[in-house]
Amino acid sequence: GATPDELRQVALLLGRLTEDYSTVVRVLENTPNLDLATAIESLWSVTE
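Residues 66 to 113 (the working numbering) make up the sequence shown, in order.
Printed below as a string of structure tokens:
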């Protein structure tokens with residue numbers, strides 16, 4: 066699971082994304098125990 070620090074970092078990362086990523090952000094925000102590496106991986110895959 067994600068540590069409290071990782072959860073804060075994920076929240077900061079998702080909060081800085083533009084409206085173009087709103088659907089992805091909603092999905093990631095509703096993913097239980099999302100860690101930073103998984104969030105970055107998921108975002109990377111939608112930008113390719």
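Even for Gly, the Cβ is constructed at its ideal location relative to N, Cα and C.
{"Item": "Short Cβ contact (8 Å threshold) for V89 with V111", "Value": "yes"}
{"Item": "Buried versus exposed, by CB contacts within 10 Å (16 or more), V115", "Value": "Residue 115 falls outside the range modelled here, since the chain spans only 66 to 113, and no answer is possible."}
{"Item": "Inter-residue spacing [alpha-carbon to alpha-carbon] between T96 and A67", "Value": "11 Å"}
{"Item": "Beta-carbon proximity of L93 to A102, cut-off 8 Å", "Value": "no"}
{"Item": "DSSP three-state assignment for T68, whether helix, strand or coil", "Value": "coil"}
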